[in-house]
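I have placed the structure first, in the form of structure tokens, so that the comments after it can refer back to it.
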Amino acid sequence: MSKDLSIVVNGLKFENPFVIGSGPPGTNKATILKAFKEGWGGVVAKTCSLDASKVHNVAPRYGKLYSRETKEVIGFQNIELISDRSIEDWIKDFKEIKAECPKGILIASIMEEYDKAAWQKLVILCQEAGVDAFELNFSCPHGLPERKMGAAMGENPEIVAEVTKWVTEVATIPVWAKMTPNVTDVNVPAMRAIGSGAHGISLINTILAVIGVDLDTLRPLPTVKGYSTYGGYSAQAVRPIALRHASKLAKALKDASMNNISISGMGGVEKSSDAIEFMLLGSHTVQSCTGPMLQGYKMVHELKAGLEAFMEKHNFTNVSDFVGHSLQYFTTHAHLNELKQGKFEAKEISKDAQWSGENIDKQTNDLATN
Ligand SMILES: Cc1cc2nc3c(=O)[nH]c(=O)nc-3n(C[C@H](O)[C@H](O)[C@H](O)COP(=O)(O)O)c2cc1C
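Numbering-wise (the numbering used here), the sequence shown opens with residue 17 and increments by one.
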């Protein structure tokens, strides 16, 4: 019998926890409908704003980091801005998508300048068009911060709190705030967003990076007319960092008994095993953006099949049965040391996790002698 992969998050029923992350795979009605028809539980549309005439994209705007051995793409950098489509086009698309595909959870990603009236106007327009939820883009790390938008807001907890409040004053649907990882502690702005009424946190947006330098031209990549700018890093190489941020927030929410706040985790999800890791560490839904860019929307078939097999193996009935399950196995380094010395029983910790000191010494020794 096939498993029920659905999950209810902030009152919204996702047919499965897999959501297209804001970016090229959710750039208009055609792409969003394709994602729903392929089986994605939700789509966060490409970020829209009130005045698209201010958005000027450049080309090339992508760069890739390849595995030295397999030539597989392991890291991806972009300097793409938010959507350059007009708000009128987006509103028309949102209405038509909901009419054609009412069960697909459609989330509008929105961004504006530091202007209360503009944010509230954008919220009202999108919610009247029938979207199911909002994701506030406080996190795009390139281009927009030069206009004091995106990560320029997300880096400043005061502004995150203020702008989230503007939104929640007028929003009648769930609001998720999307965090930038380019800060010391993501939990600080995330908690301020929650304090201003956000129902959920999405994390992470891309990590500021330099994908490389062209050794023939001596120019950093991607190169636009001889010059470059720092860009946003994504794909599988960022996953360990994303898992750290998402799990830290989940742990803080759990410790504070804030069980009604949802987490939408992302960063390097390309396979079901990646998505399950995010869920075990507290994410209720899992987004992927670069994954479907590289693999196509059909990627969701493996996500669903892998999740089902995992639930079968561990005898989980519902997806929510295991969200956050692995958070209990984090502790302090000092406690690990006490466990190693046998001061406490380590019965909850799996054999694989119990690397013995002898093995580590042997590995170090092998490195030194090879
Ligand atoms: C080409 C590209 C464009 C993106 N555009 C947006 C955007 O408009 N709004 C947004 O919130 N995030 C945007 N992102 C960030 C992704 O939604 C996501 O947070 C990030 O890429 C990490 O997830 P991933 O490794 O699954 O791609 C973009 C990412 C890429 C690669």
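Glycine included, every Cβ here is placed at the ideal spot set by N, Cα and C.
Check whether the Cβ atoms of residue i and residue j sit closer than 8 Å, and answer yes or no.
i: M127; j: N94; result: no
i: A61; j: G42; result: yes
i: V202; j: F150; result: no
i: L323; j: A350; result: no
i: G283; j: G340; result: no
i: I227; j: G79; result: yes
i: E112; j: K45; result: yes
i: A248; j: L265; result: The residue you asked about is not Ala; residue 248 is Gly in the sequence shown. No; because the gap between Cβ atoms is not below 8 Å, this pair is not in contact.
i: T63; j: S38; result: yes
i: G57; j: F30; result: yes
i: I16; j: V179; result: The chain is shown from 17 up to 386; residue 16 falls before or after that span and cannot be answered.
i: L160; j: C117; result: no
When the Cα of residue i is compared with those of the options, which residue comes out closest?
i: I395; options: A258, A206, L352; result: This structure gives no information on residue 395, because the portion of the chain shown stretches from 17 to 386.
i: P190; options: Y130, G216, M309; result: G216
i: L122; options: K70, S155, F34, V199; result: F34
i: V25; options: D148, G91, V71, I90; result: D148
i: G312; options: F52, G79, R255, G281; result: F52
i: T301; options: N331, F338, L310, K329; result: F338
i: D109; options: V89, E144, Y130; result: E144
i: S304; options: T188, G146, T222; result: T222
i: D230; options: L224, G242, L219; result: G242
i: P236; options: W106, D382, R77, I23; result: R77
i: F346; options: I23, R260, E88; result: R260
i: L81; options: A124, V74, G91; result: G91
i: K132; options: W106, K181, K320; result: K181
Run the proximity test for residue i: is its beta-carbon closer than 7 Å to any non-hydrogen atom belonging to ligand 1?
i: G358; result: no
i: N275; result: no
i: C142; result: no
i: N32; result: no
i: T63; result: yes
i: M282; result: yes
i: K45; result: no
i: N353; result: no
i: N153; result: yes
i: S244; result: no
i: S38; result: yes
i: V202; result: no
i: A251; result: yes
i: I103; result: no
Could you check where the beta strand (DSSP E) with residue i kicks off and where it finishes?
i: V24; result: 23-25
i: L234; result: First-last for L234: undefined, no H or E at that position.
i: F34; result: 34-36
i: G58; result: 58-60
i: I126; result: 121-126
How is the alpha helix (DSSP H) around residue i delimited, first residue to last?
i: Q303; result: Run containing Q303: none in the alpha helix (DSSP H); it sits in the beta strand (DSSP E), 301-304.
i: A51; result: 45-54
i: I220; result: Unbroken run through I220: none, as it is neither H nor E.
i: L352; result: 349-356
i: F294; result: 288-296
Minimum length 4: unbroken alpha helix (DSSP H) runs contained in the region 66-119:
Fully enclosed alpha helix (DSSP H) runs of 4 or longer: 103-116.
In chain order, which beta strand (DSSP E) runs of at least 3 residues are fully inside the region 149-217?
Qualifying beta strand (DSSP E) stretches, in chain order: 149-153, 191-194.
Kindly provide the ranges of any alpha helix (DSSP H) runs that are 4 or more residues long and lie completely inside the region 236-286, ordered along the chain.
As far as the region 236-286 is concerned, its whole alpha helix (DSSP H) runs of at least 4 residues are 255-271.
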